[in-house]
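Quick mapping for you: the protein sequence lines, in order, are chains A and B.
Going by our numbering, the first sequence opens with residue 56, and the numbers climb by one from there.
Going by our numbering, the second sequence opens with residue 213, and the numbers climb by one from there.
For every residue, glycine included, the Cβ atom is placed at its ideal position computed from N, Cα and C.
Working notes, structure below.
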Amino acid sequence: MTLDPSVIRKDFPIFDRTIRDGKKLVYLDSGATSQKPNFVIDAESDFYRNHNAAAHRGAHQLAEEATGAIESARVVVANFLGGAIDEIVFTKSSTEALNLLAYSIGNASAGNLFHLQPGDEIVVSEMEHHANLIPWQQLAKRTGAVLKWFEVNDSGRLDLSNIESVITERTKIVALTHQSNVLGTIVPLAEIAKRTHEVGAFFILDACQSVPHMPVNVKALDIDFLVFSGHKTVGPTGIGVLWGRANLLNHLPPFLFGGSMIETVTMTDATWAPAPRKFEAGVPNMAQIVGLGAALNYLSEIGMENIHQHEIALTKYTLDKLQEIDQLRIVGPTDTNSRGSAISFTLGQIHPHDLGQYLDSAGIAVRTGHHCAWPLTRKMGVPATTRASLYLYNDESDIDALVAATLDAQKYFA
Amino acid sequence: MELDNLYQEVILDHYKRPQNKKLATIFDAQVHHVNPSCGDEIDLNLLIKNEVVTSITWDGVGCSISQASVSILTDLLIGKSITEAYAIHDNFVTLMQSKGAFSGDESVLEDAIAFAGVSKYPARIKCALLGWMAFKDASVQAQANLN
Chain A
56 MTLDPSVIRK DFPIFDRTIR DGKKLVYLDS GATSQKPNFV IDAESDFYRN HNAAAHRGAH
116 QLAEEATGAI ESARVVVANF LGGAIDEIVF TKSSTEALNL LAYSIGNASA GNLFHLQPGD
176 EIVVSEMEHH ANLIPWQQLA KRTGAVLKWF EVNDSGRLDL SNIESVITER TKIVALTHQS
236 NVLGTIVPLA EIAKRTHEVG AFFILDACQS VPHMPVNVKA LDIDFLVFSG HKTVGPTGIG
296 VLWGRANLLN HLPPFLFGGS MIETVTMTDA TWAPAPRKFE AGVPNMAQIV GLGAALNYLS
356 EIGMENIHQH EIALTKYTLD KLQEIDQLRI VGPTDTNSRG SAISFTLGQI HPHDLGQYLD
416 SAGIAVRTGH HCAWPLTRKM GVPATTRASL YLYNDESDID ALVAATLDAQ KYFA
Chain B
213 MELDNLYQEV ILDHYKRPQN KKLATIFDAQ VHHVNPSCGD EIDLNLLIKN EVVTSITWDG
273 VGCSISQASV SILTDLLIGK SITEAYAIHD NFVTLMQSKG AFSGDESVLE DAIAFAGVSK
333 YPARIKCALL GWMAFKDASV QAQANLN
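Spelled out as structure tokens, the structure:
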């Protein structure tokens with residue numbers, strides 16, 4: 056089945072509006088956040104209208120329905136990722152999910168599987184989003200662990216030539232992105248996960264830029280933890296997911312303490328509910344969980360492989376067309392081999408913020424700046440880039456508009 | 213087009229031919245300011261003699277709005293008394309924060325009036341203010357150093 060973006064766009068009400076005095080919306084910023092289909096908006100709204108009550112609490116029908124709604128969504132997420140139901144933890148964001156891991160690991164006392172000591176090593180890469188860098192950088196500072204990283208080469212790929220010296224017997228955690236939000240690079244996981252497990256470390260995957268765009272199966276990947284974000288996956292804001300292997304979640308201490316994450320409580324002590332509840336203190340973001348379930352059902356209906364193939368074809372078209380522009384330089388891989396649809400570029404001396412402003416005046420939404428990956432843009436030798444990021448509702452007409460407006464911007468700022 | 217309100221010719225001119233963009237070696241205060249949301253940054257050196265802004269020099273990377281704004285600032289404030297410089301500074305900040313309601317005092321702001329259009333683009337106000345905040349910071353430090 057091929058995917059028809061013009062049909063898909065009809066599901067997304069935002070494409071009915073116009074931008075900057077009547078211009079068609081060309082939305083090329085899905086790497087920052089995706090747009091939402093009516094199916095998701097309606098599911099979230101339906102929860103508030105018809106089923107709202109505090110889940111896992113209360114002896115009444117609405118509480119039962121609310122509990123049923125979020126637990127059904129948990130099943131949807133588990134099936135979507137190929138994990139078990141109890142391996143799905145809902146958080147408020149993927150940023151929170153990564154911090155949950157970093158703080159929970161930091162809370163692990165001596166004797167716990169996750170206990171960190173001075174001299175232990177944590178491995179990341181230069182292409183991490185700040186959300187998968189700073190929690191580990193700061194955890195290393197708190198525990199005396201050493202932060203190490205894979206470098207990025209000129210073509211925007213991870214340099215794995217020194218994998219044996221980066222991941223060593225002292226390594227406890229390897230936390231990497233699945234796909235760079237700046238370069239689009241897809242990281243080859245098999246080799247890194249194998250080495251990680253050889254030395255007895257845990258592999259944490261930041262899948263924020265992959266789960267929305269391609270089939271991701273946790274069982275097939277040989278990883279230990281994965282996080283992704285609802286709002287980049289045509290779902291609501293305020294909802295992130297942590298998947299972890301059941302036996303590891305059992306050993307991992309909790310991060311946030313409070314209601315409904317406990318087994319028993321006295322004035323002086325407490326014990327924890329089994330995972331995932333141990334990690335879900337407080338009334339959860341229920342409507343957003345329900346919305347996420349709807350989002351993943353929507354994507355599954357279209358087919359993740361169809362979405363992936365569509366994006367590969369459109370990425371190739373985009374790379375080809377952009378590279379015809381004088382002085383335009385792609386920052387990242389220029390072929391579609393192990394590459395997603397986040398496409399960053401620079402345009403001669405025109406600053407990305409100025410280009411972005413010009414594109415906006417033509418109704419085109421892109422991201423400009425360092426994309427919350429400042430060490431990476433620095434490494435690539437640019438202060439900032441312009442990024443077009445694609446999704447299932449984009450087509451060649453969007454790219455043609457981007458190219459035309461970019462050429463106009465060159466004249467405007469000449 | 214609408215965008216011309218933002219990108220006034222004087223702004224693009226200063227962006228292409230920035231003034232005083234070479235850090236002087238003699239200064240009372242030196243500051244480094246960044247805009248963390250976009251990565252724009254400037255270094256600014258300031259020299260004040262007898263209550264007069266004697267030298268402002270700078271270096272930086274960033275968009276046309278941030279870079280032109282600091283360039284115009286140097287043209288405008290060098291030679292002014294510190295009191296006059298603060299008055300201009302305050303007028304500029306008020307203009308930027310006015311959401312388009314205040315059109316600015318051209319007799320005070322001179323070329324900096326070109327940034328009036330920026331106040332209608334909330335995401336760009338920080339760009340225009342980067343150099344002005346750096347100047348204010350440097351002037352406070354310079355005067356503290358003098359005392």
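Checklist entry - For R336/B, which three-state DSSP category applies? => result helix
Checklist entry - What residues are listed by DSSP as bridge partners for G272/B? => result I254/B
Checklist entry - Quick check: the region 329-342 of chain A against the region 247-258 of chain A, are there 3 or more CB pairs under 8 Å? => result no
Checklist entry - Does the beta carbon of M345/B fall short of 6 Å from some heavy atom of the ligand ATP? => result For the structure depicted, the ligand ATP is absent and the ligand set is empty, with no information on it obtainable.
Checklist entry - Which whole-angstrom value describes the C-beta separation of K348/B and H301/B, a residue pair presumed to lie in contact below a C-beta threshold of 8 Å? => result 6 Å
Next on the checklist: Less than 8 Å between C-beta atoms, sequence neighbours within five positions excluded: which residues of the same chain meet that for T223/A?
Outcome noted: E176, V254
Item to check | Closest by C-alpha distance to Q192/A, when choosing among L153/A, I454/A, A163/A | outcome: L153/A
Item to check | Cβ distance (whole Å) where F70/A is taken to contact L83/A below 8 Å | outcome: Not a contact, Cβ separation roughly 13 Å.
Checklist entry - Do you know offhand how far K311/B's Cα is from T88/A's? => result 27 Å
Item to check | 7 Å Cβ cutoff met for L213/A and F205/A | outcome: yes
Item to check | Pair within 7 Å by beta-carbon distance, G295/A and G346/A | outcome: no
Item to check | CB contact below 7 Å: A439/A versus chain B | outcome: yes
Checklist entry - So, helix, strand or coil for F327/B, using DSSP? => result helix
Checklist entry - Which of the three DSSP states, helix, strand or coil, is assigned to V305/B? => result helix
Next on the checklist: At the level of alpha carbons, what is the spacing between Y219/B and G272/B?
Outcome noted: 19 Å
Item to check | Short CB-CB distance (under 7 Å) between G424/A and chain B | outcome: yes
Checklist entry - Residues of chain B with CB under 8 Å from D463/A, in chain order? => result Chain B residues near D463/A: none, gap ~10 Å exceeds 8 Å.
Checklist entry - Among the residues of its own chain, which have a CB less than 6 Å from the CB of N257/B, if the five just before and after it don't count? => result L235, A236, F239, Q242, T269
Next on the checklist: Does the CB of D84/A have a neighbour CB from chain B at under 7 Å?
Outcome noted: no
Next on the checklist: Can you give me the C-alpha to C-alpha distance between T306/B and F314/B, rounded to a whole angstrom?
Outcome noted: 8 Å
Checklist entry - Taking all protein chains shown into account, do 16 or more other C-beta atoms lie within 10 angstroms of the C-beta of F312/A, making it buried, or fewer, making it exposed? => result exposed
Item to check | The beta strand (DSSP E) enclosing R442/A, as first and last residue numbers | outcome: 440-444
Next on the checklist: With a threshold of 7 Å between beta carbons, is H408/A in contact with chain B?
Outcome noted: yes
Checklist entry - Relative to the C-alpha of T423/A, which residue among H244/B, A335/B, E318/B, A346/B is closest? => result A335/B
Checklist entry - When the distance is taken between beta carbons, is G343/B closer than 7 Å to L285/B? => result yes
Next on the checklist: Quick check: S399/A and G387/A, are their CB atoms within less than 7 Å of each other?
Outcome noted: yes
Checklist entry - Apart from the five residues just before and just after I357/A, which ones in its own chain have a Cβ nearer than 8 Å to its Cβ? => result L58, I63, L447
Item to check | Contacts of L218/B in chain A (Cβ-Cβ under 8 Å) | outcome: Q412
Next on the checklist: Distance check for S283/B and V265/B, CA to CA, integer angstroms please.
Outcome noted: 15 Å
Checklist entry - Going by beta carbon distance, what residues of the same chain come within less than 6 Å of P407/A, once the five residues before and after it are set aside? => result T423, A439, T440, T441
Next on the checklist: So, for T373/A: in the same chain, excluding its five sequence neighbours on each side, which residues have a beta-carbon less than 6 Å away from its beta-carbon?
Outcome noted: I398, I454
Checklist entry - Which residues of chain B have a Cβ atom closer than 8 Å to the Cβ of S476/A, listed in chain order? => result Any question about residue 476/A goes unanswered here, given that chain A covers just 56 to 469.
Item to check | Start-to-end residues for the beta strand (DSSP E) that takes in A10/A | outcome: Nothing can be reported for residue 10/A: it is not among the residues displayed for chain A, which extend from 56 to 469.
Checklist entry - Can you tell me where the beta strand (DSSP E) with H244/B in it begins and where it stops? => result 241-247
Checklist entry - Buried or exposed: where does L369/A fall if 16 or more other Cβ atoms within 10 Å of its Cβ makes it buried? => result buried
Checklist entry - So which of L410/A, E360/A, I419/A has the shortest CA-CA distance to F135/A? => result E360/A
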